[in-house]
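Top to bottom, those sequences are chains A and B.
Following numbering that gives the first Met the number 0, the numbering of the first sequence begins with 0 at its first residue and continues without gaps.
Following numbering that gives the first Met the number 0, the numbering of the second sequence begins with 0 at its first residue and continues without gaps.
Cβ atoms here follow ideal geometry from the backbone N, Cα and C, with glycine treated the same way.
Worksheet: one structure, shown below.
There are 2 protein chains.
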Amino acid sequence: MTEAAFTEAEFLARYDPGAYERSAVTVDLVLLGLRDGRPAALLRRRDQHPDLGRWALPGGFVGPAEDLDAAAARVLSEKAGLPGAHLEQLYTFGAVDRDPRMRIITVAYLALLDERAFAGALEHAPDLVPAGVTGPLPERPDGAVSVTSPKGEPLGLAFDHGDILALAVRRLRGKLDYSDVGFALLPERFTLRQLQDVHEAILCTTLNKSAFRRRMLDAGRLAPTGAREAGTSFRPAELFRARRAL
Amino acid sequence: MTEAAFTEAEFLARYDPGAYERSAVTVDLVLLGLRDGRPAALLRRRDQHPDLGRWALPGGFVGPAEDLDAAAARVLSEKAGLPGAHLEQLYTFGAVDRDPRMRIITVAYLALLDERAFAGALEHAPDLVPAGVTGPLPERPDGAVSVTSPKGEPLGLAFDHGDILALAVRRLRGKLDYSDVGFALLPERFTLRQLQDVHEAILCTTLNKSAFRRRMLDAGRLAPTGAREAGTSFRPAELFRARRAL
DNA sequence: TAAATAGTGTCTTTTAGACACTATCGC
DNA sequence: GCGATAGTGTCTAAAAGACACTATTTA
Chain A
0 MTEAAFTEAE FLARYDPGAY ERSAVTVDLV LLGLRDGRPA ALLRRRDQHP
50 DLGRWALPGG FVGPAEDLDA AAARVLSEKA GLPGAHLEQL YTFGAVDRDP
100 RMRIITVAYL ALLDERAFAG ALEHAPDLVP AGVTGPLPER PDGAVSVTSP
150 KGEPLGLAFD HGDILALAVR RLRGKLDYSD VGFALLPERF TLRQLQDVHE
200 AILCTTLNKS AFRRRMLDAG RLAPTGAREA GTSFRPAELF RARRAL
Chain B
0 MTEAAFTEAE FLARYDPGAY ERSAVTVDLV LLGLRDGRPA ALLRRRDQHP
50 DLGRWALPGG FVGPAEDLDA AAARVLSEKA GLPGAHLEQL YTFGAVDRDP
100 RMRIITVAYL ALLDERAFAG ALEHAPDLVP AGVTGPLPER PDGAVSVTSP
150 KGEPLGLAFD HGDILALAVR RLRGKLDYSD VGFALLPERF TLRQLQDVHE
200 AILCTTLNKS AFRRRMLDAG RLAPTGAREA GTSFRPAELF RARRAL
């Protein structure tokens, strides 16, 4: 029987990994944050063919001895110079013709940056541009996003990166209500009003204040700090912290 | 300037794809259905090292000129002999040591089979075994699944396939309420009671009959056929069909 | 005290659960 | 009519929206 012919160690010693087709695998990152209260993504202008002049998500090849999540974290720190951001796998794009150079399968990740991290990334990587992201409209959730330069001009995205960006926004919207991704876009301590502003910006709606506060406080994911914001010319709001999930 | 030196066509003609690290890429399928009203997955016993004797998800390598979705559909029809099943990408698993033979990145897909397709797959591929899947418990959604043979004996899964299976169940549960994945586990025409049974089996709960009917009918995803089920010895229920999403 | 925003109370509307009730089929 | 399940009506409980109201700070 085959089963008894080798031990697993012997089997592995004789195994020839060269016999299989291989593909280039990359990670691409949607670096998403809020800029002036509006969703924005960090993009890089392509200075080479193909899709020269179009705008692309930062990304990089996955090393042969590198976990996917590690590759995403490496690209995040290379491009944005920050370790602490929320990072989650989005989806894997593997259409044969998605890159005309060769077959490249890319695992897309969503990275959420708070305002400070977003600004830090811009300093750390001067080739990144904060592009405004609008849509897909909540009532047409499978639509496309429109991406604009800081001056408001529309930007064309390279490859299938528009699809990736649209998926990132949809994912963020879908998880906003029941997960703690919303906190990732805020500093460590924040007011309930700031949290509501974030939700409204992501969902493209206005929310009811008292209902929002009720839901957030009842959900038990917020810990009051006792401290209050400083520097206001009016009644300062209480500062909360995201409670570590169990 | 680099930009003007070549056209895109010239650039591509000179491009050398050999310069990048590559990885073996596979798709693995969670073939999920209901057997006697309980969740079950189709698994294959490994007859080779590594993990000889453990139970694995059906899968296959992604061809060099094959889209990811096409590879998943191919494996589905090879292993289960059916084209029409619901198929969606789940997650990509790429830990360096997930397979001791070599670096293999696998894109996991969830395939939902109705009772007929499930039985058909068992006939088409006699090496597949319908394994009962229980858990993760709804109150511990990030727990592990336990997998049992048709006789009720626990089965050990190969590689990280237990994680993949658990993720599949969680995804199915999460989408059951707002999407139409529930319909994929039923024949084309079904009664509301059958639909409720499916939901209860997947969610591991009991649901309120009148509230369930209200929700389903109000959601507008059901189309009445006018026909009624046949062969009952009591009042036959109305048959519905899933309405095509816009 | 005026301005501005934080935070609360409460009424209404909607949605979900509980559960008994009626309806309809084969026999 | 009986047995069994389909399907409905209605009460209650919980959650969400509307919106006015009170509270607290700086200037």
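_Can you find the residues in the same chain that come closer than 7 Å, C-beta to C-beta, to A:T133, ignoring five residues on each side of it along the sequence?_
Locating residue 133 of chain A in the first sequence gives position 134, where the first residue counts as 1. Hits under 7 Å: V144, S145.
*Taking all protein chains shown into account, decide if B:T247 is buried (16 or more other Cβ within 10 angstroms of its Cβ) or exposed.*
Chain B is shown only over 0 to 245; residue 247 of chain B falls outside these bounds and no answer can be derived.
*Taking the DSSP output, what are the residues bridged to B:E237?*
Stepping through the second sequence from its first residue, residue 237 of chain B is reached at position 238. Paired residue(s): B:R227.
*asked:* Check whether chain A comes within 9 Å of B:M215, counting only Cβ atoms and requiring the distance to be less than that.
replied: One-based indexing of the second sequence puts residue 215 of chain B at position 216. Cβ-Cβ to chain A under 9 Å: no for B:M215.
*Members of the region 12 to 34 of chain B that neighbour chain A once the beta carbon cut-off is set at 8 Å*: Listed in chain order, the positions of the region 12 to 34 of chain B with a beta carbon within less than 8 Å of a beta carbon of chain A are Y14, P16, Y19, E20, R21, S22, A23, V24.
_To be precise: take each residue of the region 85 to 114 of chain B, compare its Cβ to all Cβ atoms of chain A, and keep it if any distance is under 7 Å. Which residues remain?_
So the list reads Q88, Y90, T91, G93, A94, V95, P99, R100, M101, R102, I104, V106, given in the order they occur along the chain.
*Drop a sphere of 10 angstroms on the beta-carbon of B:A229, count the other beta-carbons inside from all chains shown, and report buried for 16 or more, exposed for fewer.*
Within the second sequence, residue 229 of chain B is the residue found at index 230, counting from 1. Exposed, since its Cβ has fewer than 16 Cβ neighbours within 10 Å.
_For B:L164, three-class secondary structure by DSSP_ = For the purposes of this step, residue 164 of chain B is taken as the residue at position 165 of the second sequence. Helix.
*Classify B:T1 as helix, strand or coil using the three-state DSSP reduction.*
Along the second sequence, one-based indexing puts residue 1 of chain B at 2. The pLDDT assigned to B:T1 is 45, lower than 50, so where the model puts this residue is not dependable, and the model offers no usable value.
*Reduced DSSP category for A:E87 - H, G, I as helix; E, B as strand; rest coil*: Within the first sequence, the letter at position 88 stands for residue 87 of chain A. Here A:E87 sits in strand by DSSP.
*asked:* Is it the case that the region 44 to 51 of chain A contacts the region 6 to 15 of chain A, given that we only count it when at least three CB pairs across the two stretches are under 8 Å?
replied: The way I'd put it, the region 6 to 15 of chain A doesn't touch the region 44 to 51 of chain A; fewer than three beta-carbon pairs between them come closer than 8 Å.
_Using a Cβ-Cβ cutoff of 9 Å, what residues of the region 56 to 87 of chain B are near chain A? List them in chain order._
Cβ contacts with chain A: F60, V61, G62, P63, A64, E65, D66, L67, D68, A69, A70.
*Given 8 Å, three or more beta-carbon pairs between the region 146 to 158 of chain B and the region 70 to 86 of chain B*: In short, these stretches do not touch, since the Cβ pair count stays below three.
*asked:* Taking 9 Å as the threshold (C-beta atoms), are A:V61 and B:E20 in contact?
replied: Sequence index remark: in the second sequence, residue 20 of chain B carries index 21 (1-based). Sequence index remark: in the first sequence, residue 61 of chain A carries index 62 (1-based). The answer is yes: Cβ separation under 9 Å.
*Where does A:D217 fall in DSSP's three states?*
As a first step, residue 217 of chain A is located in the first sequence; it is residue number 218 there, counting from the start. A:D217 sits in a helix when the DSSP states are folded into three classes.
_Rounded to the nearest angstrom, what separates A:L121 and A:L136 at their Cα positions?_
Mapped onto the first sequence, residue 121 of chain A falls at position 122. Mapped onto the first sequence, residue 136 of chain A falls at position 137. If you draw a straight line from the Cα of A:L121 to the Cα of A:L136, it comes to about 27 Å.
*With A:G161 and A:T147 assumed to form a contact (beta carbons below 8 Å), what rounded beta-carbon distance in angstroms separates them?*
Numbered from 1 along the first sequence, position 162 holds the residue referred to as residue 161 of chain A. Numbered from 1 along the first sequence, position 148 holds the residue referred to as residue 147 of chain A. About 13 Å separates the two Cβ atoms, so there is no contact after all.
*Inter-residue Cα distance where the pair is B:H85 and B:L171*: Within the second sequence, residue 85 of chain B is the residue found at index 86, counting from 1. Within the second sequence, residue 171 of chain B is the residue found at index 172, counting from 1. The alpha-carbon atoms of B:H85 and B:L171 are separated by roughly 12 Å.
*By Cβ distance, which residues of its chain are closer than 7 Å to A:L33, with the 5 residues on each side in sequence left out?*
Along the first sequence, read from residue 1 onward, the residue named residue 33 of chain A stands at position 34. So the qualifying residues of the chain are A39, E114, L184, V197, A200.
_Inside the region 54 to 118 of chain B only - alpha helix (DSSP H) runs reaching at least 4 residues_ = As for any alpha helix (DSSP H) of minimum length 4 sitting wholly inside the region 54 to 118 of chain B, the runs are 67 to 79, ordered along the chain.
*Taking the alpha carbon of A:T239 as the point to measure from, which residue in A:R220, A:R188, A:R213 has its own alpha carbon closest?*
Sequence index remark: in the first sequence, residue 239 of chain A carries index 240 (1-based). Checking the displayed sequence, the identity of residue 239 of chain A turns out to be Phe instead of Thr. Comparing alpha-carbon positions, the option among A:R220, A:R188, A:R213 lying closest to A:F239 turns out to be A:R188.
_First and last residue of the uninterrupted alpha helix (DSSP H) at A:A143_ = Along the first sequence, read from residue 1 onward, the residue named residue 143 of chain A stands at position 144. Boundaries cannot be given for A:A143, as no alpha helix (DSSP H) includes it and DSSP labels it neither H nor E.
*Nearest to B:A55 by CA position, among B:A241, B:L112, B:L42, is which residue?*
Position 56 of the second sequence, counting from 1, holds the residue named residue 55 of chain B. With distances taken between Cα atoms, B:A55 lies closest to B:L42.
_8 Å CB neighbourhood of B:R97 in its chain, flanking five on each side removed_ = Here residue 97 of chain B is taken as the residue at index 98 of the second sequence, counted from 1. Apart from sequence neighbours up to five positions away, the residues of its chain that approach B:R97 with a beta-carbon distance below 8 Å are I103, T105, F158, D159, ordered along the chain.
*asked:* So if DSSP puts B:D27 in a beta bridge, which residue, or which two residues, is it bridged to?
replied: Translated into positions along the second sequence, residue 27 of chain B becomes position 28. Paired residues: B:G58, B:A107.
*Less than 8 Å between the CB atoms is what I'm expecting for B:T231 and A:T91, so what's the real figure, rounded?*
Position 232 of the second sequence holds residue 231 of chain B. Position 92 of the first sequence holds residue 91 of chain A. So it is not a contact: roughly 46 Å between Cβ atoms.
*How is the alpha helix (DSSP H) around B:A39 delimited, first residue to last?*
Mapped onto the second sequence, residue 39 of chain B falls at position 40. Looking at the DSSP string, B:A39 is not in any alpha helix (DSSP H); the run it does join, the beta strand (DSSP E), is 37 to 44.
*Assign B:Y177 to one of two classes, buried (16 or more other C-beta atoms within 10 Å of its C-beta) or exposed (fewer than that).*
The residue given as residue 177 of chain B occupies position 178 in the second sequence. Answer is exposed; the Cβ neighbour count stays below 16.
_Paired residues, beta bridge with A:G131 - DSSP_ = Taking the first residue of the first sequence as position 1, residue 131 of chain A is located at position 132. According to DSSP, which records beta bridges pairwise, A:G131 is partnered with A:A39, A:T147.
*Closest residue to B:R234 among B:L109, B:L221, B:R192, B:A218 (Cα-Cα distance)*: What you label residue 234 of chain B is simply residue 235 of the second sequence in a count that begins at 1. Among B:L109, B:L221, B:R192, B:A218, the Cα nearest to that of B:R234 belongs to B:R192.
_With 16 other Cβ atoms within 10 Å as the buried cut-off, status of B:L206_ = Numbered from its first residue, the second sequence carries residue 206 of chain B at position 207. B:L206 should be labelled exposed.
*Boundaries (first-last residue) of the alpha helix (DSSP H) holding A:Q195*: Within the first sequence, numbered from 1, the residue matching residue 195 of chain A stands at position 196. DSSP places A:Q195 in the uninterrupted alpha helix (DSSP H) bounded by 191 to 202.
*Going straight from the alpha carbon of A:L31 to that of A:V95, what length do you get?*
Counting from 1 along the first sequence, the entry for residue 31 of chain A is found at position 32. Counting from 1 along the first sequence, the entry for residue 95 of chain A is found at position 96. Take the alpha-carbon of A:L31 and the one of A:V95: they are about 27 Å apart.
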